[in-house]
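Structure, as structure tokens:
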DNA sequence: GACCGCATTGAAATCGATACCAGTTTTTGT
DNA sequence: ACAAAAACTGGTATCGATTTCAATGCGGTC
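Protein chains in written order, with my numbering: chain A, 1 to 329; chain B, 330 to 658.
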């Protein structure tokens, strides 16, 4: 593949001049045209590795999530990538599967890549232990965040959202409300907090169960729970993955929504509106989360000294049939 | 950030020796330990840009798809990434949105990155015009492929799969079968071919419509079609995105599956089993597609001279209630 | 006509690693 | 114990670009 020296020779100029053409430096029109002709003729493309080495900026950001197949992260990723490419940056995507080891490995990789910055959905482990300062690049956390509130982050108002769901269920007349939460992320803990708070405030118990982040785990937990004699009358499900497992369990148990059981959860995935009678969910502003995270990262790069901030976005309650008001009998 | 020279000085050896430690070259245990201690002390991480420039291999592959939010591509991407990282390679992900311009831009970018190879779901435009030889890196196509069969590719047996769905519908007693296909990919064309062939073979007409690749377009097309007096009695839908639009249109029209309309489509997305009465679909072996594509790329890199090949995978018919046998009346 | 300033251009250093070659030490064989 | 082979180590060129600094040419001014 042609390199800058070949272009320079063909155009009869020095490599410096070709470089200037590349970077819109000061070059006379006549020379610029000659150089551009030579570049076209050789089908020249600059070598990004060389450019990055010399210029010391990689224009690359890392995006570390638990699993791109989780539609929430899929949507966020797409928004991040669009925003990144729009700003002339590239994205390296990594899936941790909630494993702290994988996460640590990918963070190391990020250092080797000399990334400009990282957008990270931290595992529960790292959210506590991670020192963003020591990493050598700025980090914006998404979805999950350390409680004490340092560092940059874009998150949902998880407590409020969970409380909103509880209030919605209470208003619909339900009293025995159970909650299913993830045991690996701070998100699950926060949603549980909002859930428990709202029920306690109403003078009700707040039975909760915690499971690892997989459809199967959620399905098994809900199946077991529904088989118990004093099973809840309504369930709050902490994310879209669990929701899928919950619906499977409910179908398998032959229960009807909402007559036998009310259901409300997180993540407005496409199918939640399609299954009868429609699932009540909190919709997260996924595009906005991705865009904000990227914007935040760019702002931090612009001004490394600016104070850390948390952007807390509100979810939107989408009420559907699965939480229809309890009929009096 | 520390560089190799710093490590060398701290360890009291030459940079060459440090480099050898890095690359598992021949180094005495004593020196290796000293160097490793120095690396640990300095928290040294090699600069990948420098390494790539010098070694002339980037260990990076490009993955170019239309939209990562399409669950088919999500799943394939994840498989590709896992396989790539397992082989010490990195992945650059790009979304073309079926735009030939974006695709061309990303292919240019791939050249600048000096990628080792590319896995590409080509737009209809490039599937015809693309000359993989001229790109400077090997390409494995997925999902879509040029008809004439040159180049490496991993695809579904689309004709057969579509024919299978048609045969399934015929066996269930349906006769007026319509098909909805994408107008931007070769996949749509092939599935249409299989669809038309199977119906023609049965002596039946094969009414088909073609739409751009979006949920909205599919929804609008199906809504319009269902409003016509001689609307089909069964629909074959060419992919998971369209299937979503179709289900929305059917629900909006107040039609019941399968009494009012039978439905069969592609892509066994999670929700297809959840909505009543379950959607009949062709399941694509998404993990296998991703893994095979990566394996194929690695094999091609190993032996650039080996003959091109197409891996054609069979889909699996998953029969559900949406295509239940037509009751006699 | 000498001098200054501006706009261009080129030469050479540099980014941080690896590759190659040569030199030195250690091991092995007899 | 000596020669030959093997193992290890260091110096330097190099990858392909950008960056810095110096040189050149040209026009205008006094």
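No residue lacks a Cβ here, since even glycine has one placed at the ideal position from N, Cα and C.
This structure is a prediction, so every number in the text was calculated from the model and none was measured.
Check whether residue i and residue j have beta carbons under 8 angstroms apart
{"i": "residue 592 of chain B", "j": "residue 652 of chain B", "result": "yes"}
{"i": "residue 18 of chain A", "j": "residue 2 of chain A", "result": "no"}
{"i": "residue 127 of chain A", "j": "residue 293 of chain A", "result": "no"}
{"i": "residue 392 of chain B", "j": "residue 436 of chain B", "result": "no"}
{"i": "residue 608 of chain B", "j": "residue 577 of chain B", "result": "no"}
{"i": "residue 139 of chain A", "j": "residue 120 of chain A", "result": "yes"}
{"i": "residue 371 of chain B", "j": "residue 351 of chain B", "result": "no"}
{"i": "residue 208 of chain A", "j": "residue 196 of chain A", "result": "yes"}
{"i": "residue 613 of chain B", "j": "residue 644 of chain B", "result": "yes"}
{"i": "residue 291 of chain A", "j": "residue 398 of chain B", "result": "no"}
{"i": "residue 272 of chain A", "j": "residue 286 of chain A", "result": "no"}
{"i": "residue 298 of chain A", "j": "residue 255 of chain A", "result": "no"}
{"i": "residue 59 of chain A", "j": "residue 89 of chain A", "result": "yes"}
{"i": "residue 506 of chain B", "j": "residue 485 of chain B", "result": "no"}
{"i": "residue 194 of chain A", "j": "residue 159 of chain A", "result": "yes"}
{"i": "residue 4 of chain A", "j": "residue 15 of chain A", "result": "yes"}
{"i": "residue 296 of chain A", "j": "residue 318 of chain A", "result": "no"}
{"i": "residue 130 of chain A", "j": "residue 122 of chain A", "result": "yes"}
{"i": "residue 604 of chain B", "j": "residue 274 of chain A", "result": "yes"}
{"i": "residue 48 of chain A", "j": "residue 432 of chain B", "result": "no"}
{"i": "residue 542 of chain B", "j": "residue 395 of chain B", "result": "yes"}
Where residue i falls: helix, strand or coil (DSSP)
{"i": "residue 487 of chain B", "result": "helix"}
{"i": "residue 5 of chain A", "result": "helix"}
{"i": "residue 215 of chain A", "result": "helix"}
{"i": "residue 21 of chain A", "result": "helix"}
{"i": "residue 35 of chain A", "result": "helix"}
{"i": "residue 636 of chain B", "result": "coil"}
{"i": "residue 329 of chain A", "result": "Since pLDDT at residue 329 of chain A reaches only 43, below the 50 mark, its modelled position is unreliable, and the value read off the structure follows with that caveat. Here residue 329 of chain A sits in coil by DSSP."}
{"i": "residue 49 of chain A", "result": "helix"}
{"i": "residue 590 of chain B", "result": "coil"}
{"i": "residue 342 of chain B", "result": "coil"}
{"i": "residue 240 of chain A", "result": "helix"}
{"i": "residue 642 of chain B", "result": "strand"}
{"i": "residue 228 of chain A", "result": "coil"}
{"i": "residue 107 of chain A", "result": "helix"}
{"i": "residue 62 of chain A", "result": "strand"}
{"i": "residue 612 of chain B", "result": "strand"}
{"i": "residue 424 of chain B", "result": "strand"}
{"i": "residue 40 of chain A", "result": "helix"}
{"i": "residue 298 of chain A", "result": "helix"}
{"i": "residue 405 of chain B", "result": "helix"}
{"i": "residue 86 of chain A", "result": "helix"}
{"i": "residue 531 of chain B", "result": "coil"}
{"i": "residue 356 of chain B", "result": "coil"}
{"i": "residue 69 of chain A", "result": "coil"}
{"i": "residue 538 of chain B", "result": "strand"}
{"i": "residue 653 of chain B", "result": "coil"}
{"i": "residue 648 of chain B", "result": "coil"}
{"i": "residue 582 of chain B", "result": "coil"}
> Going along the chain, which residues of the segment 129 to 148 of chain A sit with their C-beta nearer than 8 angstroms to a C-beta in chain B?
Replying inline: 136
> Is the segment 421 to 434 of chain B close to the segment 465 to 475 of chain B, with three or more CB pairs under 8 angstroms?
Replying inline: no
> According to a CB-to-CB cut-off of less than 7 angstroms, which residues of the segment 429 to 445 of chain B neighbour chain A?
Replying inline: 437, 440, 441, 442 and 443
> Of all the residues that make up the segment 592 to 625 of chain B, which are near chain A by a beta-carbon distance shorter than 7 angstroms?
Replying inline: 599, 600, 603, 604 and 605
> Should the segment 485 to 502 of chain B be called in touch with the segment 585 to 605 of chain B, which here means at least 3 C-beta pairs below 8 angstroms?
Replying inline: yes
> Looking at chain A, which residues of the segment 375 to 386 of chain B have a Cβ within less than 7 angstroms of any of its Cβ atoms?
Replying inline: 375, 376, 377, 378, 379, 381 and 382
> Which whole runs of the alpha helix (DSSP H) in the segment 443 to 514 of chain B are 4 residues long or more, in chain order?
Replying inline: 453 to 458 and 487 to 500
>> So, does the segment 505 to 525 of chain B touch the segment 558 to 569 of chain B, judging by three or more C-beta pairs under 8 angstroms?
In response: yes
> Which residues, taken in chain order from the segment 73 to 95 of chain A, show a beta carbon closer than 9 angstroms to some beta carbon of chain B?
Replying inline: 74, 75, 77, 78, 81, 82, 85, 90, 91, 92, 93, 94 and 95
>> Using a Cβ-Cβ cutoff of 7 angstroms, what residues of the segment 302 to 322 of chain A are near chain B? List them in chain order.
In response: none
>> Three Cβ pairs or more, each shorter than 8 angstroms: is that satisfied between the segment 49 to 56 of chain A and the segment 378 to 395 of chain B?
In response: yes
>> Can you pull out the residues from the segment 1 to 15 of chain A whose beta carbon lies closer than 9 angstroms to at least one beta carbon of chain B?
In response: 1
> Closer than 7 angstroms, Cβ to any Cβ of chain A: which residues of the segment 559 to 573 of chain B, in chain order?
Replying inline: 573
> At a Cβ cut of 8 angstroms, what residues of the segment 57 to 70 of chain A count as close to chain B, listed as they run along the chain?
Replying inline: 58, 67, 68 and 69
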